[in-house]
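Since the structure comes first, as structure tokens, the remarks are kept for the end.
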Amino acid sequence: MEKSRLGLLQTEAIATLSDEELAMFEHQVIKKGYVFYSEAPKVFIFKSGQAKLSFFEDGEEFIINYLNKDNITILNEICALEFLEDSEIYTIDASGLGEILANRSFCEAYIKILTEIILLQRKITRSILFENAKGRIASFLIELANEQNFHQNGYKYVFLPFSLKVLSSFVGLKRQSASTAFNELVKDNVIQKISQHEFLILDYDRLLSYCV
């Protein structure tokens, strides 16, 4: 069930809803770049598109995870949802979800995604509390490598679909700290940089040793 922070469990929750149940949601088409805030807890189901769920504080961003097609998330006043692509979504106040949870198939999908979110957030918390900069980078790369499951010349191949600045926002580091840790892993021949977005994990066991 578990996936990386770039792609949560795809639930097909929309397909489990009747027309009457779906009508209880607000259907919206959101343009790329729009940022959604909500004072009260609100449930989002993605029919298409992509967004990121983040904390913002004093000009700094911490990315919790990305949302894609068939993902579910809950937005409240302490975070923001920024749309990275034109997206089609269904939303409903969490307080209005009770009647819909009587739908067994939807309820099972909802519980699965809530379970995944809880476990994911525990991993994030543990990493921030107990891992240094190199450990946080290592944990993220391993998580991504295991999800992508690509290999090249006998090594795990990782495609990083964004800049180092965005990576630093995923692991709770300043850009310079993330860059230093990344360069040390390259210098120590733990990973090899192929291009700006492509890497090989040369020593998986050593990379794993940096993680808690």
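Plus 11 on top of the position in the sequence shown (first one is 1) and you've got my numbering. Note that CB positions come from ideal geometry on N, CA and C, so glycine has one too.
query	result
Beta-carbon proximity check, residue 98 vs residue 44, cutoff 8 Å	no
Residue 113 classed as buried or exposed, judged by whether at least 16 other C-beta atoms fall within 10 angstroms	exposed
Residues near residue 95 by beta carbon distance below 7 Å, same chain, minus five either side	43, 61, 62, 63
Where residue 30 sits in the DSSP three-state scheme	helix
Euclidean distance between Cα positions of residue 187 and residue 127	31 Å
Outcome for residue 57 when other beta-carbon atoms lying within 10 angstroms are tallied against a minimum of 16	buried
Chain-order list of residues whose beta-carbon lies under 8 Å from that of residue 211 (same chain, five-residue window excluded)	163, 164, 166, 167, 168, 169, 202, 203, 205
Pairwise C-alpha distance: residue 213 and residue 89	39 Å
Helix, strand or coil at residue 121 [DSSP, three-state]	helix
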